[in-house]
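J.: Going by numbering that gives the first Met the number 0, 227 is the number at position 228 of the sequence shown; the sequence numbering is gapless.
Glycine residues also receive a C-beta, built at the ideal position from the N, C-alpha and C atoms.
One structure follows; several queries about it will come next.
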Amino acid sequence: MSNKLNNLAIKGKKRSYFLDLSTYVFVRFLLSILSILPYPTKIAMGGLIYQKVISPLSGNRKRIIDNLKLVFPNLEKEKREELCTKVPNNIGRTFFELLSPNEFSSVAKSAKISGPGFKALRDAQEQRKAVILVSGHFGNYDVVRVVLNANNISVGALYKPMSNPYFNTFYERCIKQIAEPLFPRGRAGMGNMVRYLSDGKVIALLIDQYMSHGEPLKFFGHTAYTATSAAKLALKHDALLITFYVVRNNDGINFDLIFESPVTPTSPNEMTQILNNRLEKQIRKNMGQWLWTHRRWKSPSSIEK
Numbered sequence: 000m001s002n003k004l005n006n007l008a009i010k011g012k013k014r015s016y017f018l019d020l021s022t023y024v025f026v027r028f029l030l031s032i033l034s035i036l037p038y039p040t041k042i043a044m045g046g047l048i049y050q051k052v053i054s055p056l057s058g059n060r061k062r063i064i065d066n067l068k069l070v071f072p073n074l075e076k077e078k079r080e081e082l083c084t085k086v087p088n089n090i091g092r093t094f095f096e097l098l099s100p101n102e103f104s105s106v107a108k109s110a111k112i113s114g115p116g117f118k119a120l121r122d123a124q125e126q127r128k129a130v131i132l133v134s135g136h137f138g139n140y141d142v143v144r145v146v147l148n149a150n151n152i153s154v155g156a157l158y159k160p161m162s163n164p165y166f167n168t169f170y171e172r173c174i175k176q177i178a179e180p181l182f183p184r185g186r187a188g189m190g191n192m193v194r195y196l197s198d199g200k201v202i203a204l205l206i207d208q209y210m211s212h213g214e215p216l217k218f219f220g221h222t223a224y225t226a227t228s229a230a231k232l233a234l235k236h237d238a239l240l241i242t243f244y245v246v247r248n249n250d251g252i253n254f255d256l257i258f259e260s261p262v263t264p265t266s267p268n269e270m271t272q273i274l275n276n277r278l279e280k281q282i283r284k285n286m287g288q289w290l291w292t293h294r295r296w297k298s299p300s301s302i303e304k
């Protein structure tokens, strides 16, 4: 029996190796073909490829519809169908932007900046006061790293390493080309990022994904388990907590970058609920730019009905 299990494990590793390598080769091949196109065309093609090919194969459509039916039960079918195309298109554009770091950075640094939070951020950095920037998987959130780097403000950010080791090496090289420092998600990465923050620096966090250990706060009127770590870090390190949002323009290429006013220090739960409320407000304005494919409204044991 042990020999059979061992043989199955070896076969599984071989299949995983082949799948990982073939996926990496395919993506690099696709990028090499698209690289001959003008940047706007390449990004548009990336959006279409994800929308028409990858999204249907990955089951994204059902997840989008389920989430929309939960939070917008009266939403017209036509609007749901529209979002089933806009959401994966934005995901595809974002993915291909991150894998085109030089061209992406050239475009992103010209993003239109607005909101009172930008001045608050700059003033805080002049005083070497720590700042925590918070957003969600909305638009292309990496624009903020490009813009602030162009304004001589370094931003430390967490990233999730890809499970495919071949692709991850390429992915890390691309996102580090956009701006550094970056910290891999995990205990060590989080520790290094907190030390970076404690030196009076700026970090950026995304808080819109389900966390089983999070607090049961509200998001679109439903319970969404949310990490309160951003608020806790702000209170512990006397850091400004500023929400930011990157909105993709109608041309699909350029961006607006909004920095909202700092969140008033109160309790971690109250502050984090404000973060959820602000993100929800932005999503309602541009629903096709948020990650509706994520299972945001899970509970530790089941999905809220």
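Hey, out of Q126, L240, S34, whose CA is closest to D198's CA?
T.: When Q126, L240, S34 are compared, the shortest CA-CA separation from D198 is found for Q126.
J.: Excluding sequence positions up to five away, which residues of its chain have a Cβ less than 7 Å from the Cβ of N59?
T.: P87, T292
J.: Quick one, which of F254, Q208, A123 has its alpha-carbon nearest A110's?
T.: Ranking the options by Cα distance to A110, first place goes to F254.
J.: Are three or more beta carbon pairs between the region 131-141 and the region 200-220 nearer than 8 Å?
T.: yes
J.: Which same chain residues, not among the five before or five after K304, have their C-beta less than 8 Å away from its C-beta?
T.: Because the pLDDT of K304 is 42, which lies under 50, any placement of that residue in the model is unreliable, and the question is left without a value.
J.: How about F94 and Y49: do their beta carbons lie closer than 8 Å?
T.: yes
J.: I need the DSSP call for S134, collapsed to helix, strand or coil.
T.: strand
J.: Excluding five sequence neighbours on each side, which residues of the same chain lie with their C-beta closer than 7 Å to the C-beta of K108?
T.: V145, V146, A149
J.: CA-CA distance, A156 and K61?
T.: 31 Å
J.: Where do the ends of the alpha helix (DSSP H) carrying L98 lie?
T.: Note, L98: premise wrong, no alpha helix (DSSP H); not H, not E.
J.: Pairing CB atoms from the region 253-267 with CB atoms from the region 216-234, are three or more of them under 8 Å?
T.: yes
J.: Go ahead and label G116 buried or exposed: buried means 16 or more other beta carbons lie within 10 angstroms of its beta carbon, across all protein chains shown.
T.: Classification for G116: buried.
J.: Secondary structure at Y23, three-state DSSP: helix, strand or coil?
T.: helix
J.: Does the region 273-284 come close enough to the region 155-172 to have 3 or more Cβ pairs within less than 8 Å?
T.: no
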